[in-house]
Amino acid sequence: MHFASTKLHKHNWYANGIFFFQQCCDCCMLGQQVKKEGQTCESNPNLGYPCNHVMLSCCDGEDHLISPELKRQPEPLSTVTPEKYVIILCQITSTMINDRCNNGPCKHICNMVEGEIVCSCSLGFVLLSDGVSCEDINECVSDTHTCKRGEHCINTIGSFMCLQQLSCQSGYELKDGECVDIDECERGTHSCKINFACQNTKGSFYCESKQRCMEGFLQDPEGNCVDINECTSLPEPCKAGFNCINTVGSYTCQKNLLICSRGYHSSEDGTRCVDVDECQSATHRCGEGQICHNLPGAYRCDCKMGYQYDSFSRTCTDINECWNYPGRLCQHSCENTPGSYHCSCSSGFRLAYDGKHCEDVNECDNNPCSQECANIYGSYQCYCRQGYQLAEDSHSCKDIDECAQSAGILCTFRCLNVPGSYQCACPDQGYTMAANGRTCRDIDECAMGTHNCSSTESCYNIQGNFRCLLIECPPNYRKVSDMRCERINCFNYLDCQNTPLRITYYQLNFQTNIVVPAHIFRIGPSPAYAGDNIILTINKGNEENYFNTRKLNSYTGIVYLQRQVREPKDFLLDVEMKLWRQGTYTTFLAKIYIFITSHAY
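Residue numbers are given in full-length UniProt numbering: position 489 of the sequence shown equals residue 489, and the series is strictly consecutive.
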């Protein structure tokens with residue numbers, strides 16, 4: 001709603017009728033002004049109830065008995081050229097007049113509290129420090145308003161109001177709450193010249209020429225056709241030696257004769273003299289080793305870098321930089337070259353990026369060694385891993401045969417050389433490698449159950465192998481234990497004298513490296529008595545005479561190995577012992593299995 005530009009000032013209301021009626025007249029004048037401008041008479045709660053009621057009554061001439069309510073005013077509709085307007089709001093603050101506060105000092109509200117006057121302010125005001133005056137609260141500044149995003153807060157006397165912010169882009173205008181395109185051509189607000197026609201576009205317009213120009217002419221901003229100067233607009237309008245002359249709508253080429261002095265020649269267009277570059281055209285007379293420098297109308301011959309001019313021979317001679325600056329140009333070696341010099345480095349070094357200093361070459365990057373390489377300053381050293389040794393060429397590594405050098409002390413059985421090391425091996429059967437990787441441990445096939453003995457045979461483990469033994473008792477004998485048979489009876493005295501009372505089986509295991517003579521079996525009666533005497537005889541199994549017997553005393557004898565057994569061999573000896581006791585001979589038979597095996601690995 002648009003209001004008149006008359007501004008109503010805040011008033012302090014007292015119980016004075018003059019001020020009340022003056023404020024009432026101001027509110028009525030506000031309503032009449034709204035009606036005069038043809039605006040809609042609408043309630044404005046920001047004016048307060050008394051003033052709002054008077055304003056509506058004077059606006060449409062009716063009695064509006066309405067109560068104040070919070071209601072935002074609709075946003076004013078924008079025009080093509082928005083005009084500034086001032087919203088004039090007036091708040092009438094009624095004074096609650098108390099008979100006891102009559103003619104009191106309070107500016108707004110006066111109350112009696114316990115016989116004393118207490119001043120207070122209406123809603124939207126704050127009491128000042130003097131205790132009687134009231135000041136309007138600017139809710140927009142103190143951020144106590146309730147305007148939403150997109151709304152603009154405007155402070156009013158005792159309150160505030162929220163106006164929606166709405167604007168349109170250039171080339172559009174607000175109509176019925178929407179932004180619509182402005183037809184600048186229809187309204188005549190375009191800027192097209194007289195020879196151009198206006199064409200409207202969304203949000204703008206463009207100017208289209210009403211006439212076309214012939215070839216050789218160009219249309220200016222005013223729509224007029226003007227001549228094109230082809231001599232300046234074209235890159236090469238005429239050939240070399242010709243001058244371009246512009247004409248109306250076209251141009252002509254005219255030959256231009258130009259005489260230039262020595263060292264200059266005519267330009268391609270023939271309009272001016274330009275310098276002859278003798279150096280570029282190879283028309284100079286500079287000697288070998290000289291550099292031609294072009295000058296305006298002439299040229300100059302200079303020696304190349306690294307050369308100096310010899311006035312006697314009138315030639316350029318090479319400068320030996322290595323002689324002129326010894327030890328200062330190169331770190332290692334300096335070699336003179338035509339017009340310059342070259343630095344070189346000793347073996348094991350390479351030239352640095354500056355071309356003067358030498359840096360160490362890491363030969364190990366090119367893998368010159370067959371195994372390990374250590375770079376040293378100016379050289380390198382080859383090393384071999386464990387188990388290898390450096391060959392005569394100082395680069396390659398050859399395997400060390402540890403088995404040949406150890407003389408049999410590395411492995412107990414067999415040493416196998418492998419590249420860079422060695423491995424110990426055990427016999428193919430009967431042994432397994434111990435945890436130390438050097439010695440061989442016998443496999444007890446009998447305990448592990450890997451033998452092939454039958455159920456009637458007994459398995460006996462030997463070093464590196466096993467034997468299946470069949471222990472049976474002969475006729476007239478019975479088996480009293482796993483390894484013993486006893487005679488059942490004898491039919492006559494002679495039979496009792498010649499047949500053994502007891503047959504006992506024994507198993508003995510020895511190695512080929514046993515030291516001889518070696519006591520391998522001891523035999524005697526148990527218990528023994530005084531007067532006992534024995535006779536020992538090997539009845540069977542000693543055909544090669546490896547064994548023999550001997551008495552230690554009258555009741556004890558031994559069987560011993562009297563000759564070295566060089567290779568593994570099995571023996572079964574029948575050793576007979578005749579015991580003389582109290583005038584009677586009793587025979588005992590010991591069947592001894594003797595297994596000579598290879599020495600332990």
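Glycine residues also receive a C-beta, built at the ideal position from the N, C-alpha and C atoms. All figures in this text were calculated on a predicted structure; none of them were measured in a lab.
*For Ile319, which residues from the same chain have a beta carbon less than 7 Å from its beta carbon, with the 5 sequence-adjacent residues on both sides left out?*
Gly306, Tyr307, Gln308
*Own chain, CB closer than 6 Å to Gly263, minus 5 neighbours either side, in chain order*: Val276, Gly297, Ala298
*Val274 and Ser267: beta carbons closer than 8 Å?*
yes
_Chain-order list of residues whose beta-carbon lies under 8 Å from that of Cys41 (same chain, five-residue window excluded)_ = Gly31, Val34, Lys35, Leu56, Cys59, Asp60
*Can you tell me the Cα-Cα spacing of Gly531 and Asp444, whole angstroms?*
45 Å
*Taking Cys397 as part of the beta strand (DSSP E), name the residues at either end of that continuous run.*
397–399
*Would you mind working out which of Val559, Val361, Cys140, Leu579 sits nearest Leu573, comparing C-alpha positions?*
Val559
*Best match in Cys446, Gln371, Cys231, Ser406 for proximity to Gln389 [C-alpha to C-alpha]*: Gln371
*Own chain residues within Cβ distance below 6 Å of Arg581, not counting five before or after*: Asp532
*Proximal residues to Gln511 (C-beta, below 8 Å), its chain only, five neighbours per side dropped*: Gln463, Ile596, Thr597, Ser598, His599, Ala600
*Looking at the structure shown, is Arg522 part of a helix, part of a strand, or coil, going by DSSP?*
strand
*Return the Cβ separation of Cys179 and Cys168 in integer angstroms, given the expectation that the two are a contact with Cβ distance under 8 Å.*
4 Å
*Does the beta-carbon of Thr232 have 16 or more other beta-carbons within 10 angstroms, so that it is buried, or is it exposed?*
exposed
_Lys107 - DSSP class collapsed to helix/strand/coil_ = coil
*Beta-carbon proximity check, Asn336 vs Glu321, cutoff 8 Å*: yes
*Alpha carbon to alpha carbon, how far is Leu234 from Asn294?*
32 Å
*When DSSP builds the beta bridges, which residues end up paired with Asn246?*
Tyr251
*Evaluate Lys398 with the Cβ neighbour count: other Cβ atoms within 10 Å of its Cβ, from every protein chain shown; 16 or more gives buried, anything less gives exposed.*
exposed
*Does the Cβ of Glu288 have 16 or more other Cβ atoms within 10 Å, making it buried, or fewer, making it exposed?*
exposed
*In or out: Tyr377 buried (at least 16 other Cβ within 10 Å) or exposed?*
exposed
_Along the chain, where does the alpha helix (DSSP H) containing Met161 start, and where does it finish?_
Met161 -> not in any alpha helix (DSSP H); beta strand (DSSP E) instead, spanning 159–164.
*Is DSSP giving Asp60 helix, strand or coil here?*
helix
*Start and end of the beta strand (DSSP E) containing Met483?*
First-last for Met483: undefined, no H or E at that position.
_Cβ pair count under 8 Å reaching 3, the segment 535–543 against the segment 497–513_ = no
_Lys540 in three-state terms, based on DSSP_ = strand
*Looking at C-alpha atoms only, which residue of Glu116, His108, Asn465, Tyr383 is the closest neighbour of Ser122?*
His108
_Within 10 Å of its beta-carbon, does Val141 have 16 or more other beta-carbons around it, so buried, or fewer, so exposed?_
exposed
*So, is Leu536 buried or exposed, given that buried needs 16 or more other C-beta atoms within 10 angstroms?*
buried
*Within its chain, find whatever has a CB closer than 8 Å to the CB of Asp310; leave out the 5 residues flanking it on each side and keep chain order.*
Cys316, Thr317
*Do you know how far the Cα of Cys345 is from the Cα of Pro326?*
15 Å
_Is the separation between the beta-carbon of Gln199 and that of Ser209 shorter than 8 Å?_
no
*N-terminal and C-terminal residue of the alpha helix (DSSP H) that Cys231 is part of*: 230–233
*asked:* What residue range does the beta strand (DSSP E) around Cys119 cover?
replied: 116–120
*asked:* Contact defined as beta carbons within less than 8 Å: I believe Lys184 pairs with Phe205. What is the distance between those atoms, to the nearest angstrom?
replied: It is Glu, not Lys, that sits at residue 184 in the sequence shown. Between Phe205 and Glu184 the Cβ distance is about 5 Å, and since that is below 8 Å, they are a contact.
*Specify the secondary structure class of Tyr593 as computed by DSSP and reduced to three states.*
strand
_Classification of Asn224 by the beta-carbon crowding that lies within 10 angstroms, buried from 16 upward_ = exposed
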